[in-house]
Amino acid sequence: MSEFVEWGALGQVVLFGLLVGAGLPALFALGVRTLAGPGARGADGEVTIARKVVAYACFGAVVLAVLGAVAYIAAGGH
Numbered sequence: 001m002s003e004f005v006e007w008g009a010l011g012q013v014v015l016f017g018l019l020v021g022a023g024l025p026a027l028f029a030l031g032v033r034t035l036a037g038p039g040a041r042g043a044d045g046e047v048t049i050a051r052k053v054v055a056y057a058c059f060g061a062v063v064l065a066v067l068g069a070v071a072y073i074a075a076g077g078h
């Protein structure tokens with residue numbers, strides 16, 4: 001049966017699917033949790049600068065991944 005299945009290609013597809021299918025939503029959720037989770041606000045009611053930086057870095061990475069995928073598809077990638 002291994003003659004009909006390219007195991008290396010299958011492994012790459014599964015790995016990429018896990019990274020994109022679970023990784024990007026998890027990264028987005030981490031950004032939301034950082035901004036709005038328990039303990040996000042200090043005594044003055046404001047979100048700390050460190051939390052904002054981490055959250056915006058998470059959101060930025062997700063946006064870059066989506067824009068990169070759109071550019072790849074638009075360029076004719078498969």
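full-length UniProt numbering applies: residue 1 is where the sequence shown begins, and numbers increase by one. Beta carbons: idealized from backbone N, C-alpha and C, even for Gly.
If you scan the region 10-55 from start to end, which runs of the alpha helix (DSSP H) of 4 or more residues do you find wholly inside it?
For the region 10-55, whole alpha helix (DSSP H) runs of length 4 or above, ordered along the chain, are 24-36.
Span separating the alpha-carbon of Leu27 from that of Thr34:
Between Leu27 and Thr34, the C-alpha separation is close to 11 Å.
Between Ala57 and Val47, is the Cβ-Cβ spacing less than 8 Å?
With respect to Val47, Ala57 sits apart: the two C-beta atoms are not nearer than 8 Å.
Compute the Euclidean distance between the alpha carbons of Glu3 and Ala55, then round it to the nearest angstrom.
The alpha-carbon separation between Glu3 and Ala55 amounts to approximately 47 Å.
8 Å Cβ cutoff met for Ala65 and Leu15
Cβ atoms of Ala65 and Leu15: not closer than 8 Å.
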